[in-house]
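Student:
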Amino acid sequence: MASQRSVLGIRIEQTNQPIWLVAVNKLWVTSVARWHRLLVRGSFPREGPVLLVANHADAMDPMIVAEAVTRVGGRTLTMLTRSEFFGLPVIGWWLRKTGGIPIRRDEADLGALRSAVVELRHGHVVGAFPQATRAFGMRGQFGTIKPGAAYLAARTGAPVVPAAILGTRAPLWSRRRYAVRFGPTFVVPPLPRRPSQADLDQRTRLIEQQMLALLPPSYRLDRPTSAG
45 MASQRSVLGI RIEQTNQPIW LVAVNKLWVT SVARWHRLLV RGSFPREGPV
95 LLVANHADAM DPMIVAEAVT RVGGRTLTML TRSEFFGLPV IGWWLRKTGG
145 IPIRRDEADL GALRSAVVEL RHGHVVGAFP QATRAFGMRG QFGTIKPGAA
195 YLAARTGAPV VPAAILGTRA PLWSRRRYAV RFGPTFVVPP LPRRPSQADL
245 DQRTRLIEQQ MLALLPPSYR LDRPTSAG
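In the working numbering, the protein residues as written are 45 to 272.
(1) Identify, in the order they occur along the chain, each residue of the same chain with its Cβ nearer than 7 Å to the Cβ of Q254, setting aside the five sequence neighbours on each side.
(2) Quickly, what does DSSP pair I145 with across the bridge? List them, please.
(3) Curious, which full-length alpha helix (DSSP H) runs of at least 4 residues does the segment 149-228 contain?
(4) Helix, strand or coil for A98 per DSSP?
(5) What does DSSP give as the partner residue(s) for F230 in the beta ladder?
(6) P268 to A257, Cα distance in whole Å?
(7) Please name the residue, chosen from L95, I108, A194, V232, that lies closest to A152 on a Cα-to-Cα basis.
(8) By DSSP, does R55 sit in helix, in strand, or in coil?
(9) What is the rounded straight-line gap between the Cα of R238 and the Cα of L244?
(10) Check whether the Cβ atoms of E111 and V73 lie closer than 9 Å to each other.
(11) For S270, which residues of its own chain have a beta-carbon under 7 Å away from its beta-carbon, when the five flanking residues on both sides are left out?
(12) Taking 9 Å as the threshold (C-beta atoms), are V84 and A223 in contact?
(13) Can you give the beta carbon distance from H80 to R220, rounded, assuming they're within the 8 Å contact cut?
(14) Using the DSSP secondary-structure output, state which residues sit across from R336 in a beta bridge.
(15) Which same chain residues, not among the five before or five after T248, have their C-beta less than 7 Å away from its C-beta?
(16) Enumerate in chain order the residues of its own chain whose CB-to-CB distance from A46 is below 7 Å, with the five nearest sequence positions on each side excluded.
(17) Over what stretch of residues does the alpha helix (DSSP H) that includes L65 continue unbroken?
(18) What is the DSSP secondary structure of A271, reduced to helix, strand or coil?
(19) Under three-state DSSP, which class holds L235?
(20) Classify V66 as buried or exposed, calling it buried when 16 or more other Cβ atoms lie within 10 Å of its own Cβ.
(21) In terms of residue numbering, what span does the alpha helix (DSSP H) encompassing R249 cover?
(22) Given that a residue counts as buried once 16 or more other Cβ atoms are within 10 Å of its Cβ, and exposed if not, what is Q241?
(23) When the Cα of L121 is compared with those of G131, A160, I135, which residue comes out closest?
(24) Use the C-beta contact count for T59: other C-beta atoms within 10 angstroms, 16 or more gives buried, fewer gives exposed.
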């Protein structure tokens, strides 16, 4: 079950995250969000396991999407994050205390996926950037997404919420509006007992389609015929 600790009306779902750190994070992220007049559209489940999948274009994306989740869902977020960041002073400590899950980007990191499965089975929110890199988003492209999120959703049966994070490519000091759009919740079909690569690819494409449907053309220049 998810932790019942709360602060500022936000349920803290990471057992190791101190209440004071949630308050500090909320203070500075809310300040950035107000500076950029963050607009959040759509709904987000207030309880139960959720796999959040979002596009990625800027280092602020994890914090902005977490702010959107707390605004409409009243919950904190566990984010799958590049393992390299956990070795950095201060940032590594902050990631561990806020419940980040380190994941090696260029390989099938089964340990990270198992940790995410545990979080979902405890009824928590796990966030993932299936593009696995900011590079595509910075260029206005969508690229090819990784299959990890599809695997998690298919193995756990957790509802999936797609999100579009918009505007964060602008310089932090600009006044360009940030926006987060939450799409409709959907469920990825379970994998067969002995899945083939085609089975996983099919489920990955489903997640990709739901993500693309939320993004404007300027975020998918390599997909000019995509729906959205």
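Every residue, glycine too, gets a C-beta built ideally from N, C-alpha and C.
Tutor: By the coordinates alone:
(1) Against the sequence shown, residue 254 aligns to sequence position 210. P206, G227, F230.
(2) The residue labelled residue 145 in the question sits at position 101 within the sequence shown. The partner list for I145 (beta bridge, DSSP) reads L124.
(3) 154-165, 179-182, 192-200
(4) Position 54 of the sequence shown, counting from 1, holds the residue named residue 98. Reduced to three states, the DSSP call for A98 is strand.
(5) By one-based count along the sequence shown, residue 230 stands at place 186. Paired residue(s): V204.
(6) For the purposes of this step, residue 268 is taken as the residue at position 224 of the sequence shown. For the purposes of this step, residue 257 is taken as the residue at position 213 of the sequence shown. For P268 and A257, the distance between alpha carbons rounds to 12 Å.
(7) Position 108 of the sequence shown, counted from the first residue, corresponds to residue 152. Out of L95, I108, A194, V232, A194 has the C-alpha closest to the C-alpha of A152.
(8) Start at 1 with the first residue of the sequence shown, and residue 55 comes out as number 11. If DSSP states are grouped into helix, strand and coil, R55 belongs with the strands.
(9) Counting from 1 along the sequence shown, the entry for residue 238 is found at position 194. Counting from 1 along the sequence shown, the entry for residue 244 is found at position 200. In a straight line, the C-alpha of R238 is about 11 Å away from that of L244.
(10) One-based indexing of the sequence shown puts residue 111 at position 67. One-based indexing of the sequence shown puts residue 73 at position 29. Yes, the pair counts as a contact, with Cβ atoms nearer than the cut-off.
(11) Within the sequence shown, numbered from 1, the residue matching residue 270 stands at position 226. Residue placement at S270 is poorly supported in this model, since its pLDDT is 46, which falls under 50; the coordinates still yield a value, given next. Contacts found: L256, R264.
(12) Position 179 of the sequence shown, counted from the first residue, corresponds to residue 223. Position 40 of the sequence shown, counted from the first residue, corresponds to residue 84. Yes, Cβ-Cβ distance for A223 and V84 is below 9 Å.
(13) Within the sequence shown, the letter at position 36 stands for residue 80. Within the sequence shown, the letter at position 176 stands for residue 220. With 8 Å as the limit, H80 and R220 qualify as a contact, their Cβ atoms being about 7 Å apart.
(14) Given a span of 45 to 272 for the chain in the structure shown, any question on residue 336 remains unanswerable.
(15) Counting from one through the sequence shown, the residue named residue 248 turns up at place 204. So the list reads I189, P191, A194, once near-sequence residues are dropped.
(16) As a working mapping, residue 46 is identified with position 2 in the sequence shown. Confidence is the limiting factor: at A46 the pLDDT is only 41, short of 50, which leaves the residue's position unreliable and the question unanswerable from this model.
(17) Numbered from 1 along the sequence shown, position 21 holds the residue referred to as residue 65. First-last of the alpha helix (DSSP H) with L65: 63-79.
(18) Stepping through the sequence shown from its first residue, residue 271 is reached at position 227. Residue placement at A271 is flagged as unreliable, the pLDDT there being 46, under the threshold of 50; the coordinate-derived value follows with that caveat. If DSSP states are grouped into helix, strand and coil, A271 belongs with coil.
(19) One-based indexing of the sequence shown puts residue 235 at position 191. Coil, per DSSP.
(20) As a first step, residue 66 is located in the sequence shown; it is residue number 22 there, counting from the start. Buried: at least 16 other Cβ atoms inside 10 Å.
(21) Numbered from its first residue, the sequence shown carries residue 249 at position 205. Note, R249: alpha helix (DSSP H), 241-256.
(22) Taking the sequence shown and counting its residues from 1, one reaches residue 241 at position 197. Classification for Q241: exposed.
(23) Residue 121 sits at position 77 when you count from the first residue of the sequence shown. Residue A160 is the option with its Cα nearest to L121.
(24) Counted from its first residue, the sequence shown places residue 59 at position 15. Exposed is the call here.
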